[in-house]
Ligand SMILES: Cc1ncc(COP(=O)(O)O)c(C=O)c1O
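In our numbering, the protein residues as written are 103 to 467.
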């Protein structure tokens, strides 16, 4: 076996493949003299909304801000709460910063996504919004959730930070909820070379509110009607994202091919993997297995030059800063069980088939 080191992601490799286009777009912005909230941001917002299938998009400084501003735009009242799956560490910060009351739910043991059974189980009358997270890029089973939220007249929010380009029933995720949130953090399938995010919606009121909140709560320059944020997608990032958007479907397809090979080689050995929604197509942002002897496997992979990562090592109710939520150990058994077992293997468009074969050879039940 070769001693070649396999990367966990290869962002520089991706850049090399599109260097000319990226450099030209960055140069264009630098020459323009407009660096914040100009034509590049507007162009990207229009292209991205049309790619996902919504009327509006607002470019923001991060996915965390997208969650905060999306939730704030719903103007929920004090005491009203939001349901959030207990296994999504990076989501919870943006939710908490909106000031809304948080109620956690457990997840489906096969997909590790929130599902209708858990929503019904943890729902109570003060819940006025449900936040679904298409974790690892795997689309949540949306139809029963959309129906439930309509019946209860509560908001549905999608966290698509990991799911740009993922599909459910022939529509892109991010087009099902009242509002959806995206992250353009560098490692995301559609990522920039820094931080960025977006809120998408078909609702004009939500759109206008988020647009105002990203700029001091203004409606017209210096006319601030509420204390807003400074959360703007920079022109340089918008220009980079416009270039990358042209490649995203091709990249996602490559990831799906890699995932297919992983699935084939691993399920043959009886390895439990995160189950893709049969009604959709994951963009395979992350490829996650569920394994009992995780630490031993991680160590063995490392000695062979293969990195692996845990997404995420703590359920939200075990995180110190969220102890105020008051949940005890055992509150969310599925989340807790799989937090001990999940392991993310390298996946990115540039990875070689031979690398996947080498990784799979080292994984045993
Ligand atoms: C599911 C999910 N939600 C929200 C976020 C937050 O996005 P950002 O890092 O752009 O603030 C992330 C990014 O890690 C994420 O993976």
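Using N, Cα and C, we set each Cβ at its ideal position, and we do this for glycine too.
Subject >> Secondary structure, alpha helix (DSSP H): runs of 4+ residues fully inside the segment 128-195 >> reply: 141-154, 165-174
Original post:
What are the boundary residues of the beta strand (DSSP E) that includes residue 392?
Top reply: Locating residue 392 in the chain shown gives position 290, where the first residue counts as 1. 389-392 is the extent of the beta strand (DSSP E) around residue 392.
Subject >> Beta-carbon contacts of residue 179 that lie in its chain and below 6 Å, excluding the five residues immediately before and after >> reply: Numbered from its first residue, the chain shown carries residue 179 at position 77. So the list is empty, once near-sequence residues are dropped.
**OP:** Below 8 Å on the Cβ atoms is my guess for residue 410 versus residue 446; work out the distance and round it to an integer in Å.
**Re:** Counting from one through the chain shown, the residue named residue 410 turns up at place 308. Counting from one through the chain shown, the residue named residue 446 turns up at place 344. Yes, they are in contact, since the Cβ atoms of residue 410 and residue 446 sit about 6 Å apart, within 8 Å.
**OP:** Could you check the C-alpha separation between residue 250 and residue 184 for me, to the nearest Å?
**Re:** As a working mapping, residue 250 is identified with position 148 in the chain shown. As a working mapping, residue 184 is identified with position 82 in the chain shown. Going from the Cα of residue 250 to the Cα of residue 184 covers about 14 Å.
Subject >> Cutoff 6 Å; reference residue 103; Cβ partners in own chain excluding five residues on either side >> reply: Position 1 of the chain shown, counting from 1, holds the residue named residue 103. With a pLDDT of 47 at residue 103, under the threshold of 50, the predicted position of this residue should be treated as unreliable, though the coordinate-derived value follows. For residue 103, where only same-chain residues beyond five positions count, there are no Cβ hits under 6 Å.
Original post:
Does at least one heavy atom of ligand 1 sit under 7 Å from the Cβ of residue 170?
Top reply: Taking the first residue of the chain shown as position 1, residue 170 is located at position 68. False, no ligand heavy atom lies under 7 Å from that Cβ.
Original post:
Helix, strand or coil: which one does DSSP assign to residue 103?
Top reply: Within the chain shown, the letter at position 1 stands for residue 103. The predicted position of residue 103 is uncertain, since its pLDDT is 47 and thus under 50; a value taken from the coordinates is nonetheless stated next. It is coil, neither helix nor strand.
Original post:
Exposed or buried, which one is residue 85 when buried takes at least 16 other CB atoms within 10 Å?
Top reply: Any property of residue 85 remains undetermined from this structure, which presents the chain solely from 103 to 467.
Original post:
Would you say the beta carbon of residue 376 comes nearer than 7 Å to a heavy atom of ligand 1?
Top reply: Here residue 376 is taken as the residue at index 274 of the chain shown, counted from 1. No.
Original post:
When every heavy atom of ligand 1 is checked, does at least one fall within less than 7 Å of the C-beta of residue 192?
Top reply: As a working mapping, residue 192 is identified with position 90 in the chain shown. Residue 192: yes, Cβ under 7 Å from ligand 1.
Original post:
At what residues does the beta strand (DSSP E) containing residue 284 begin and finish?
Top reply: Taking the first residue of the chain shown as position 1, residue 284 is located at position 182. Here the beta strand (DSSP E) through residue 284 covers 281-285.
Subject >> Contact set for residue 146: own chain, Cβ-Cβ below 7 Å, skip 5 residues either direction >> reply: The residue given as residue 146 occupies position 44 in the chain shown. Excluding positions up to five away in sequence, the list reads 161, 340, 343, 344.
Original post:
Does DSSP put residue 354 in a helix, a strand or coil?
Top reply: Here residue 354 is taken as the residue at index 252 of the chain shown, counted from 1. It is helical.
Subject >> For residue 394 and residue 349, the rounded distance between their alpha carbons >> reply: If you number the chain shown from 1, residue 349 lands on position 247. If you number the chain shown from 1, residue 394 lands on position 292. Between residue 349 and residue 394, the C-alpha separation is close to 37 Å.
Subject >> Neighbourhood of residue 111 by C-beta distance below 8 Å, restricted to the same chain and skipping five residues each side >> reply: Working through the chain shown from its first residue, we reach residue 111 at position 9. Only 289, 448, 450 meet the Cβ criterion.
**OP:** May I ask you to list the residues that DSSP assigns as paired with residue 546?
**Re:** In the structure displayed, the chain extends from 103 to 467; residue 546 sits before or after that span and is not available.
**OP:** State yes or no: is the C-beta of residue 381 within less than 8 Å of the C-beta of residue 413?
**Re:** Here residue 381 refers to the residue found at position 279 of the chain shown. Here residue 413 refers to the residue found at position 311 of the chain shown. Result no, Cβ atoms of residue 381 and residue 413 do not sit closer than 8 Å.
**OP:** Please classify residue 257: is it buried, with 16 or more other beta-carbons within 10 angstroms of its beta-carbon, or exposed?
**Re:** Position 155 of the chain shown holds residue 257. Under this definition residue 257 is a buried residue.
Original post:
Using a Cβ-Cβ distance under 8 Å, would residue 452 count as near chain D?
Top reply: Annotation note: the requested chain D is absent from the structure, which comprises a single protein chain.
Original post:
What's the gap between the Cα of residue 115 and the Cα of residue 364?
Top reply: Position 13 of the chain shown, counted from the first residue, corresponds to residue 115. Position 262 of the chain shown, counted from the first residue, corresponds to residue 364. So the two alpha carbons sit approximately 21 Å from each other.
Original post:
Under the criterion of a Cβ to heavy atom distance below 7 Å, does residue 264 qualify as lining ligand 1?
Top reply: Mapped onto the chain shown, residue 264 falls at position 162. Yes; taking the cut-off as 7 Å, the Cβ of residue 264 has a heavy atom of ligand 1 nearer than that.
Subject >> Beta-carbon separation (whole angstroms), residue 419 vs residue 464, contact threshold 8 Å >> reply: Locating residue 419 in the chain shown gives position 317, counting from the first residue. Locating residue 464 in the chain shown gives position 362, counting from the first residue. Actually they are not in contact, since the Cβ atoms of residue 419 and residue 464 sit about 33 Å apart, beyond 8 Å.
Original post:
Relative to the alpha-carbon of residue 266, which residue among 246, 302, 280 has its alpha-carbon at the smallest distance?
Top reply: On the chain shown, residue 266 is found 164 positions in, with the first residue counted as 1. Closest by alpha carbon: 302.
Original post:
Along the chain, where does the beta strand (DSSP E) that runs through residue 260 open and close?
Top reply: Indexing the chain shown from 1 puts residue 260 at position 158. Its beta strand (DSSP E) spans residues 257-261.
Original post:
Is the Cβ-Cβ distance between residue 277 and residue 299 less than 8 Å?
Top reply: Here the question's residue 277 lines up with position 175 in the chain shown. Here the question's residue 299 lines up with position 197 in the chain shown. Contact: no.
**OP:** Locate the beta strand (DSSP E) running through residue 232, then write down its first and last residues.
**Re:** One-based indexing of the chain shown puts residue 232 at position 130. Segment 229-235, the beta strand (DSSP E) holding residue 232.
Original post:
How many angstroms separate the CA atom of residue 270 from the CA atom of residue 385?
Top reply: Residue 270 sits at position 168 when you count from the first residue of the chain shown. Residue 385 sits at position 283 when you count from the first residue of the chain shown. Cα-Cα distance, rounded: 11 Å.
Subject >> the segment 234-253 contacting the segment 217-225, beta-carbon criterion three pairs below 8 Å >> reply: yes
**OP:** Might you give, ordered along the chain, the residues of its own chain that have their beta carbon closer than 7 Å to the beta carbon of residue 117, omitting 5 neighbours on each side?
**Re:** What you label residue 117 is simply residue 15 of the chain shown in a count that begins at 1. Same-chain partners within the cutoff: 124.
Original post:
Taking 7 Å as the cut-off, is the CB of residue 336 close to at least one heavy atom of ligand 1?
Top reply: In the chain shown, residue 336 corresponds to position 234, counting from 1. Checking the Cβ of residue 336 against ligand 1 gives no.
Subject >> Rounded separation between residue 391 and residue 374 - CA only >> reply: As a position in the chain shown, residue 391 is number 289, starting the count at 1. As a position in the chain shown, residue 374 is number 272, starting the count at 1. Approximately 6 Å, taken between the alpha carbons.
Original post:
By the 10 Å Cβ neighbour count, where 16 or more other Cβ atoms means buried, how is residue 196 classified, buried or exposed?
Top reply: By one-based count along the chain shown, residue 196 stands at place 94. By the 10 Å Cβ count, residue 196 comes out buried.
Subject >> Rounded separation between residue 432 and residue 230 - CA only >> reply: As a first step, residue 432 must be located in the chain shown, where it is residue number 330. As a first step, residue 230 must be located in the chain shown, where it is residue number 128. Residue 432 and residue 230: Cα-Cα distance of roughly 25 Å.
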